[in-house]
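Notes to accompany the following structure.
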Amino acid sequence: MHIILKRNVVAVKIIQTCLLALLLFCTRAHAEVNSLDLPSIGEASASFLSPEFERRLGQAFLSQMRRQANIINDPEIETYIQSIGYRLVSHSDNNTQQFTFFIINDAAINAFAAPGGIVGVNSGTILSTATESELAGVLAHEVSHVTQKHMARNFEMQSRMSIPLLAAMLGAIIIATQNPEAGQAAIMAAQGLSVQMQINFTRSNEEEADRIGMQTLARSEFNPRGMPAFFEKLQQDSRYQGKAPEFLRTHPLTTNRIADTRARAETFPHDFSYHESKDFNYIKSKLVVLGQKNPYDAVKIFQQRLEEEPYSDDYASLTYGHALALMETGELDQAEEKILRLLSGDPENTSLILAQAALAIKRSDYNQALKIYANAMTLYPDYRPVVFSYVRALLEDHHPEKAKEILRDYGKHYEPDIVYYEYLTRAEAEAGNKIESGMASAEYYYLSGETVVAVDQIQSLLSGSNPRPDYYQRERLQDRLVFMERELQLERDMKLRD
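Take a look at the structure:
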């Protein structure tokens, strides 16, 4: 279970936060679990790291990630990675476990799993995969780390170590950085840590994650050969380049392990029926554009690939990427010509529709953009990227009432997330609904891990007189205050905050 962060200072901050929480947990875990009467999942590992504590630790970890790492917040990209992740989870050994999937804008090749079902993947990993099944293989491996409770088992295995050694080891499990100095700092916090014992246990975890991940991959109707294909590619590339990618250092591959995954994949017939989305290549093209500091570099990348692969199956997605890059350089007429040409052959492609609307916004033609989004809503009324992109455009064009209406309708059918509450806070505020905006803001802070701020926000709304909440608003506020104060007390009992 590992992570890459782009700057040493970022890594150190997160290491310090996690180690502090884990250190306090190790000294008082059993007493606090008993006093809180937390649920048990019936395993020895669960008695050491309870599901409730794991969930809380995951929330704290994700909160740090949102503040420190370059997480991609594009609704289309977010929804794509979540769709693959949830598809895998629904066919996993523990489909009741909550998961959060996200992408870090980092060219390094790596992925990680953290407590509470937190699964992240670097954009470089996605760009290095040749098929959607290869990407799904990486995610299936990380999902299996969570469902097989490898972190809880690591806690249990090392429970007899002294507290400083245990804290350092757990920090290494949660976080790995591409900066050797930052990783070394975590290890040096331990005095006499047995590195080899941890390596051996990590390898057994990796092998089990491969085996369970392969099963999940096949059940989810992805190509099971995607996992060994990606492993083999990484190993081969590292030989040519003379330096192993971070994924190989944090997920150590051996010849036996690769051979084992290949052998397991070959047990499936070659005519095994699997399903891959055409969205894969479009998302890759979008990530290429987002990953370039200079958009002109992205234009050159796509120009070169289109010249080299004029008859490629990826020609449409490469042209789409070229259009996105041209939009970023301000060459809007060329971008529009490419998007319209692609739409003429694939008029219901959501990536193209969203790009067309984004182009209109680049031209400040909100009437055209809103018309495109409204038409898209008739085709895909529940598709999160369309809904949130439409709402964002409505807010930018000063239509908060319409934005609020769309959000409220969406929230009736789908679990609201942090982006939902960000937009709802703004829509309600701009519509003049101070109480409703404040309530949405409190939910945003809670999901951000700022429970103290959320509680203060609700208390302020309840005690305020200008405006004063009506009877129904007061009931809702009091109900959420009880819930959030209980959440805050649990966080304090678990020493996750002061």
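Here the sequence shown stands for residues 1499 to 1996, where the numbers follow my numbering. Ideal Cβ placement from N, Cα and C applies to all residues, glycine included. Keep in mind the model is a prediction, meaning the values are calculated, not measured.
Terminal residues of the continuous alpha helix (DSSP H) containing I1916? I1916 to E1928 is the span of the alpha helix (DSSP H), which, as asked, contains I1916.
Does the beta-carbon distance from N1603 to S1621 come in below 8 Å? Closer than 8 Å, so yes.
Straight-line gap, E1541 to D1844 (C-alpha atoms, nearest Å): Bear in mind that the predicted position of E1541 carries a pLDDT of just 44, short of 50, making it unreliable; the figure below should be weighed with that in mind. Using only the alpha carbons, I get a separation of about 51 Å.
Terminal residues of the alpha helix (DSSP H) in which A1823 lies: Per DSSP, A1823 belongs to the alpha helix (DSSP H) from Y1813 to T1827.
Note down, in chain order, each residue of its chain lying with its Cβ closer than 7 Å to the Cβ of Y1578, except the 5 sequence neighbours on either side. These residues qualify, in order along the chain: D1777 and I1781.
For E1615, which of helix, strand or coil comes out of DSSP? Just to set this straight, residue 1615 is Gly in the shown sequence, not Glu. The answer is coil: DSSP assigns G1615 none of H, G, I, E or B.
Give me, in chain order, the residues of the same chain whose beta-carbon lies closer than 6 Å to that of Y1919; leave out the 5 immediate sequence neighbours on both sides. Excluding sequence neighbours, Y1919 sits near A1938, E1941 and Y1942.
Would you mind listing the alpha helix (DSSP H) stretches within the stretch 1877-1903 that are 4+ residues and don't spill past its ends, in chain order? The stretch 1877-1903 contains these whole alpha helix (DSSP H) runs: 1882-1894.
What number of angstroms, rounded off, separates the C-alpha of F1600 from the C-alpha of N1571? For F1600 and N1571, the distance between alpha carbons rounds to 9 Å.
Closest to H1589 by CA distance: which of L1637, V1797 and R1890 is it? Nearest neighbour of H1589 by Cα position, chosen from L1637, V1797 and R1890, turns out to be L1637.
E1574 versus S1631 - alpha carbon distance: If you take the alpha carbons of E1574 and S1631, they lie about 19 Å apart.
Starting from F1800, trace the alpha helix (DSSP H) in both directions and tell me its first and last residue. Here the alpha helix (DSSP H) through F1800 covers P1793 to E1806.
When burial is assigned at 16 or more other CB atoms within 10 Å of the CB, is E1806 buried or exposed? Its Cβ having fewer than 16 others within 10 Å, E1806 is exposed.
Alpha carbon to alpha carbon, how far is V1617 from R1906? Give it in angstroms, no decimals. CA-to-CA, the gap between R1906 and V1617 works out to about 28 Å.
Does DSSP classify I1607 as helix, strand or coil? Coil.
Count the CB pairs spanning the stretch 1779-1795 and the stretch 1814-1834 that are closer than 8 Å, and state whether there are at least three. Taking 8 Å as the limit for Cβ pairs, the verdict is that the stretch 1814-1834 does touch the stretch 1779-1795.
Could you spell out where the beta strand (DSSP E) holding I1601 opens and where it closes? For I1601, the enclosing beta strand (DSSP E) covers residues T1598 to I1602.
I1569 bridges to which residues according to DSSP? The partner list for I1569 (beta bridge, DSSP) reads I1602.
Across the stretch 1886-1899 and the stretch 1869-1878, are there enough close Cβ pairs to call them in contact, namely three or more that are closer than 8 Å? Output reads yes: the stretch 1869-1878 touches the stretch 1886-1899.
Specify, as a first and last residue, the run of the alpha helix (DSSP H) that N1754 falls within. Looking at the DSSP string, the run of the alpha helix (DSSP H) that includes N1754 is T1753 to E1764.
Do E1719 and H1773 have their C-beta atoms closer together than 8 Å? With respect to the 8 Å criterion, E1719 and H1773 are classified as neighbours on the basis of their beta carbons.
Counting along the chain, where does the alpha helix (DSSP H) carrying F1981 start and finish? Secondary structure note for F1981: its alpha helix (DSSP H) is the uninterrupted segment Y1969 to D1991.
So, are the CB atoms of T1848 and P1883 less than 8 Å apart? Yes. Within cutoff.
Supposed contact pair F1770 and P1722 - C-beta distance, whole angstroms, cut 8 Å: In this structure P1722 is in contact with F1770, their Cβ atoms being roughly 7 Å apart against a cut-off of 8 Å.
Report the three-state DSSP secondary structure of N1721 (helix, strand or coil). N1721 sits in coil when the DSSP states are folded into three classes, being neither helix nor strand.
Where N1865 sits in the DSSP three-state scheme: Three-state result, N1865: helix.
I think G1614 touches Q1557, with their Cβ atoms under 8 Å apart; what is that distance to the nearest whole Å? The C-beta separation of G1614 from Q1557 comes to about 6 Å, placing the pair in contact by the 8 Å criterion.
For the alpha helix (DSSP H) containing H1639, list its first residue and its last residue. Residue range E1630 to T1645 is occupied by the alpha helix (DSSP H) that includes H1639.
In DSSP terms, what N2002 is bridged to: The question about residue 2002 has no answer, for the chain in this structure spans 1499 to 1996.
Beta-carbon separation (whole angstroms), L1850 vs L1841, contact threshold 8 Å: The C-beta distance from L1850 to L1841 rounds to 5 Å, short enough to meet the 8 Å contact threshold.
Give me, in chain order, the residues of the same chain whose beta-carbon lies closer than 6 Å to that of S1935; leave out the 5 immediate sequence neighbours on both sides. In the same chain as S1935, and ignoring 5 residues on each side of it, the C-beta atoms closer than 6 Å to its own belong to T1923, E1926 and A1927, in chain order.
For T1753, which of D1795, I1710, R1701 and F1800 has the nearest alpha-carbon? Among D1795, I1710, R1701 and F1800, the Cα nearest to that of T1753 belongs to R1701.
Could you tell me whether the stretch 1824-1832 touches the stretch 1789-1802, where touching means 3 or more Cβ pairs closer than 8 Å? The stretch 1824-1832 is in contact with the stretch 1789-1802.
Whose CA, out of E1704, D1811 and S1783, lies closest to the CA of D1758? Minimum Cα-Cα distance from D1758 among the listed residues E1704, D1811 and S1783 corresponds to E1704.
Would you tell me roughly how many angstroms separate the C-alpha atoms of R1974 and A1761, rounded to the nearest one? Our two residues, R1974 and A1761, have alpha carbons roughly 56 Å apart in a direct line.
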